[in-house]
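Structure first, commentary second.
Chains as they are written, first to last, in our numbering: chain X, 1 to 452; chain D, 1001 to 1194.
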């Protein structure tokens, strides 16, 4: 009867509150330098302590410099203070820090599975909306604010009302050149940015089962763009194999408990959606919400006037052929080794168009960077005209650091195309790494299937 | 947390769907690790014609003379989507907003609002632009129109309760749960890694 989310929820319920909410035990907490200090300082000011520091981890990803030879200095004015204050407060609280120069540094959602911190069936929270990425491993993982981070650290729990559940069936098989990113954008285009409506979404179906673990992370990553409470995929052999023996994970997943982590065949979901993955084309966003996404060979629909004005493209314009200034491959959506391998395979022996003013590859973690370099991927990117950087969140958002003149147009493997997300007046088109590469080569938004 | 009981105020209309937290408070306006000094950056890209010089755009609702002292904001679908930054709620509260009425909210924004005494009211907002509204949380009404809110959130807001202090009273239950869980899932506990 119960869904996977129900099972994890019920296991973690330590008590119920007088208001009828549940006290849900939290197994893992991640902080990062952009907001970590706010939660830790507030906690210390209240004279409170972290209940179990061994299960709280701190990453440095949001505003760290990604240029070679970096230090604590940031391009964002005043950014160094966020790093040093988070580091000091985390040290004082006895937390584990993956610092700027640490070999394990990286985007928290990328390093968590690398280190075996996320586990199937666990609860994991972080003050970052893309924490849902880690649902790919069968964890109940979701983004929270600073106050909730403080609450989780001090009490080991959160006071929560059980979210409604939704199943999204993704049957069929993704066509060549079409990726999990395109599927996530297709869901947003079809059902809207509010389509998840606060539900805990379980992704199921043949297309999901066929995905490798990195593609599953890309799919779950954008559950927050769908306004879901989180996204989750039931763990299978691939999930266990990806985590077994990692530093913080068990050597083997052989306890009976692991076998229970699936929705029962007759499980009831509060809502059901479905999409045929076989019908999905490479997708690209045209406007200022991820729901403003269309097939790469389509023309802009008539959307909100504000969105057309901001993006500078009228309804009826084909999206392919739109000139771009910047190409970016990175972020917790698409910066893992498989993303970089696929991008490099398309780029090999080619050169980006002369009109591109900046092209960047920012690996999701320092480990991804090392592995990519061992395979020679960095040389492929550099020969093609891409800069090869240190790991971090980089151009996914603009905090006052690296940016471009207003009106610049980017093709970006990130998750948000909001007004100003990548800087004042910047026009962002989000897409798969393949589409970023195809567009960088052509100098205009281009279909990756035509170069594959 | 300041309790929320009743509130009477003019309602500022921001009739846009999918208002994201990057728009509410852009990352570049988050200049310190504290929770204050954010009101000036609230809606900065929409509120100012020149963000750096802070030149107000008279067409933006927050700059309307009727918005002076107003404490209610009317939003569109999926209000507060995007980044989990609690700064969005802190900026709204510091500017003076105590309630947002919208057809739907993004879940993280809603949770953050509730922890800061800012009431998210889920209701379609038909013709309330610049109207004077009275929100009665105990009765769960806006000018007599009923809205739903979960019992836990309502209790916390009405009493202005400190969630952490309240949860710490349940420490015994949490400790007991953990002791039992250590038998079932020993791999979760990481003291030995330190």
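The C-beta atom is built at its ideal place from N, Cα and C for all residues, glycine as well.
What does residue 429 of chain X touch in chain D if you count any residue whose Cβ is under 8 angstroms from its own? In the first chain, the residue the question calls residue 429 of chain X occupies position 429. Result: empty, since nearest Cβ-Cβ is about 17 angstroms, beyond 8 angstroms.
If you draw a straight line from the C-alpha of residue 1069 of chain D to the C-alpha of residue 1096 of chain D, how long is it? If you number the second chain from 1, residue 1069 of chain D lands on position 69. If you number the second chain from 1, residue 1096 of chain D lands on position 96. Taking the straight line joining both Cα atoms gives about 7 angstroms.
Would you say residue 151 of chain X lies against chain D (beta-carbon separation less than 7 angstroms)? On the first chain, residue 151 of chain X is found 151 positions in, with the first residue counted as 1. At least one chain D Cβ lies under 7 angstroms of residue 151 of chain X.
Stretch-stretch touch, CB-based, cutoff 8 angstroms, three pairs: the stretch 264-277 of chain X with the stretch 156-172 of chain X: yes
Output, in sequence order along the chain, the residues in the stretch 397-424 of chain X whose CB is closer than 7 angstroms to any CB in chain D. 397, 398, 399, 400, 416, 418, 419, 420, 421 and 424
For the alpha helix (DSSP H) holding residue 61 of chain X, just list the boundary residues, first then last. In the first chain, counting from the first residue as 1, residue 61 of chain X sits at position 61. It is not in any alpha helix (DSSP H) - residue 61 of chain X carries neither H nor E in the DSSP assignment.
Once DSSP output is grouped into helix, strand and coil, what is the label at residue 4 of chain X? For the purposes of this step, residue 4 of chain X is taken as the residue at position 4 of the first chain. Three-state result, residue 4 of chain X: helix.
Could you tell me the boundaries of the beta strand (DSSP E) in which residue 114 of chain X lies? By 1-based counting over the first chain, the position of residue 114 of chain X is 114. Element bounds for residue 114 of chain X: not the beta strand (DSSP E) but the alpha helix (DSSP H), 108-114.
Using the DSSP secondary-structure output, state which residues sit across from residue 297 of chain X in a beta bridge. In the first chain, counting from the first residue as 1, residue 297 of chain X sits at position 297. Paired residues: none, contrary to the question.
Using a Cβ cut-off of 7 angstroms (strictly closer), state whether residue 170 of chain X contacts chain D. Reading the first chain from its first residue, position 170 is the one you call residue 170 of chain X. By this cut-off, residue 170 of chain X is not an interface position.
Can you find a C-beta in chain X that's less than 7 angstroms from the C-beta of residue 1188 of chain D? In the second chain, the residue the question calls residue 1188 of chain D occupies position 188. Interface residue, yes.
For residue 117 of chain X, name the three-state secondary structure that DSSP assigns. Within the first chain, residue 117 of chain X is the residue found at index 117, counting from 1. Residue state, collapsed to three classes: coil.
I need the DSSP call for residue 1135 of chain D, collapsed to helix, strand or coil. Position 135 of the second chain, counting from 1, holds the residue named residue 1135 of chain D. Note: residue 1135 of chain D maps to strand in three-state DSSP.
Local conformation of residue 1081 of chain D per DSSP, three classes: Here residue 1081 of chain D is taken as the residue at index 81 of the second chain, counted from 1. Three-state result, residue 1081 of chain D: strand.
If contact is defined by three or more beta carbon pairs under 8 angstroms, each pair taking one atom from either stretch, is the stretch 256-272 of chain X in contact with the stretch 1114-1126 of chain D? no
Segment contact flag, the stretch 1117-1137 of chain D with the stretch 1071-1086 of chain D, C-beta cutoff 8 angstroms, min 3 pairs: yes
Can you give the Cα-Cα distance for residue 220 of chain X and residue 120 of chain X, rounded to whole angstroms? Translated into the one-based positions of the first chain, residue 220 of chain X becomes position 220. Translated into the one-based positions of the first chain, residue 120 of chain X becomes position 120. If I take the Cα positions, the gap works out to 14 angstroms.
Would you check if the distance between the CB atom of residue 430 of chain X and the CB atom of residue 414 of chain X is smaller than 7 angstroms? Along the first chain, read from residue 1 onward, the residue named residue 430 of chain X stands at position 430. Along the first chain, read from residue 1 onward, the residue named residue 414 of chain X stands at position 414. Yes, these two residues count as a Cβ contact at 7 angstroms.
Using a C-beta cutoff of 7 angstroms, does residue 1108 of chain D count as contacting chain X? Along the second chain, read from residue 1 onward, the residue named residue 1108 of chain D stands at position 108. Output row for residue 1108 of chain D: interface = yes.
Please tell me whether residue 1095 of chain D has its Cβ less than 7 angstroms away from any Cβ of chain X. For the purposes of this step, residue 1095 of chain D is taken as the residue at position 95 of the second chain. For residue 1095 of chain D, the answer is no, since every Cβ of chain X falls outside 7 angstroms of its Cβ.
Select from the stretch 218-250 of chain X all residues with a C-beta closer than 7 angstroms to any C-beta belonging to chain D, and list them in chain order. 227, 229, 248 and 250
Same chain, Cβ closer than 8 angstroms to residue 1 of chain X, neighbours up to 5 away in sequence not counted: Within the first chain, numbered from 1, the residue matching residue 1 of chain X stands at position 1. Excluding sequence neighbours, residue 1 of chain X sits near 264, 266, 267 and 268.
Quick one: is residue 72 of chain X near chain D, going by C-beta distance under 7 angstroms? To locate residue 72 of chain X, count along the first chain from 1; it is residue 72. Taking Cβ atoms only, chain D never reaches closer than 7 angstroms to residue 72 of chain X, which makes this a no.
With 16 other Cβ atoms within 10 Å as the buried cut-off, status of residue 368 of chain X: Working through the first chain from its first residue, we reach residue 368 of chain X at position 368. Under this definition residue 368 of chain X is a buried residue.
Chain-ordered residues of the stretch 1039-1061 of chain D with a beta carbon less than 7 angstroms from chain X: 1045 and 1051
Going by DSSP, what residue range makes up the alpha helix (DSSP H) through residue 1183 of chain D? Against the second chain, residue 1183 of chain D aligns to sequence position 183. First-last of the alpha helix (DSSP H) with residue 1183 of chain D: 1171-1184.
Would DSSP call residue 309 of chain X helix, strand or coil? Within the first chain, the letter at position 309 stands for residue 309 of chain X. Reduced to three states, the DSSP call for residue 309 of chain X is helix.
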